[in-house]
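As structure tokens, the structure follows; a few thoughts come after it.
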Amino acid sequence: MNSAPRLSLCMIVRNEAANLPACLDSVRDLASDIVVVDTGSTDSTCEIARQHGARIINAEWTGDFSSARNLALAEARGEWILVLDADEVLPVASRIRIHEMISSPARSAYNLVQKNELAATGAHVSVHIVRLFPRDARVRFERPIHEQVNTSLERAGIPIIDTNIVFNHSGYASSAVLAGKTERNRRIIEDALHRDPDGDPNLRYFYASTFFDTQQFSQAAREYEECARRSRASRKRLERAATLKAAQAWFFAGKYDKARALLPDHIEPGLHPLAAHLKAEIAVHDGCSIDAVKWQESVLSAPDVAYLPPESLTPLKFKAVLFLANHWADLGRKDIGVKLLRLAQDISGGKRDGASATLAVSYREALA
């Protein structure tokens, strides 16, 4: 009698023939059960999935990502569930780590690190997201867009553990694809908010992001502020994230007073590097170069971790180094300025990790 598979890969797809082979190849020898919910592909997606041993479930697209994902969960047979999208790939090192983890009984869920490649800059933004968890009838995805299992895991009493296991996401690598996804997401969220305007405040955050991503910054700021207001009583992390994004949106809209009012006055442990960057930019606008220096130095010291809201550290630290190089050159210390410009060139050329906190050490050495 065959034993149940250790791990089921659960996916939803539509016209993903270009991406699917790399995704499925990346879980070879890890997922012994593959469940693919296809929502209407007209290319060779289903054929590719079958060639990799997947079971195909054909489902009509209803505009609800959770509904489609839950169809896959209901058909899974493994003790563990791994969720990936077709434009996501599991590196070899991560596959080895997960293989070790699933040798134990499935009692916890795990936050993996989604590394997103951004279209505009080629930079990466990392965010923690639950993608590995026990197969349990109580665990289901919720929300029609930006769906997650966290709430149902909490209700089931299943702990969520952070890891540094990375999977790569290229879905934002194309500007055209990003624009299409943004408009699709806005329509889905507007429908959900119309049905339940006082529901999940996370939807307000995602709704605001659709305006931010299309450079409608004033509208984005107002929606982020509304999200923060609705989150104040019980969702402090969401409130802080929405407030910071509102400040960024007001800054991009040229409303510096509104942005300043939402940002911290002092550098504190755990300060989000985006907050420090915005404070530095506003200080420059206000003509306070000394204040700008301390905030940019804080950016350089920021550790390379997953932030909420997600943020790519490399562009922020690159801008910080350039600012500090010009600052010291303007003070007559061209020797320091040259050292920092070389550091900026190393970051731009990929010789130095632009996200690393060791840049702060290099900065102090340049000042010595």
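The UniProt record's numbering puts the first residue of the sequence shown at 1, with every later residue one more than the last.
Ideal Cβ placement from N, Cα and C applies to all residues, glycine included.
Just so it is clear, the structure is predicted and the values come from calculations on it, not from any experiment.
Shortest alpha-carbon distance to residue 53 belongs to which of 44, 36, 251? 36
Is it true that the segment 229 to 241 meets the segment 253 to 260, where meeting means three or more beta-carbon pairs spaced less than 8 Å apart? no
Please state whether the Cβ-Cβ distance between residue 81 and residue 26 is less than 8 Å. With contacts defined by Cβ atoms closer than 8 Å, residue 81 and residue 26 do not form a contacting pair.
Determine the contact status of residue 287 and residue 313, defining contact as a CB-CB distance below 8 Å. no
Does the segment 156 to 172 come close enough to the segment 129 to 146 to have 3 or more Cβ pairs within less than 8 Å? yes
Between which residues of its own chain and residue 226 is the CB-CB distance below 7 Å, once the five residues before and five after are set aside? 204
Going by C-alpha to C-alpha distance, which of 60, 59, 31, 86 sits closest to residue 98? 31
Proximal residues to residue 308 (C-beta, below 7 Å), its chain only, five neighbours per side dropped: 237, 241
Could you tell me the alpha carbon to alpha carbon distance between residue 365 and residue 266, rounded to whole angstroms? 25 Å
Proximity to residue 256 [Cα-Cα], best of 56, 217, 71: 217
Distance check for residue 190 and residue 144, CA to CA, integer angstroms please. 11 Å
For residue 79, which residues of its own chain have a beta-carbon under 8 Å away from its beta-carbon, when the five flanking residues on both sides are left out? 4, 5, 6, 7, 102, 105, 106, 134, 135
Closer than 7 Å by C-beta to residue 357: which residues in its own chain qualify, once you throw out the five before and the five after it? Chain order, please. 301, 302, 303, 304
Same chain, Cβ closer than 6 Å to residue 251, neighbours up to 5 away in sequence not counted: 259, 278
Could you pull out every unbroken beta strand (DSSP E) segment of at least 3 residues lying fully inside the UniProt domain "Glycosyltransferase 2-like" (8 to 91), listed in chain order? 33 to 38, 55 to 58, 80 to 83
When DSSP labels each residue in this structure, what does residue 213 get in the three-state scheme? helix
Take residue 87 as the anchor and find which of 115, 223, 274 has the nearest alpha-carbon. 115
Assuming residue 163 and residue 111 are in contact, meaning their beta carbons sit under 8 Å apart, how far apart are those beta carbons, in whole angstroms? Going by Cβ atoms, the distance from residue 163 to residue 111 rounds to 6 Å, so yes, they are a contact pair.
According to DSSP, is residue 206 helix, strand or coil? Here residue 206 sits in helix by DSSP.
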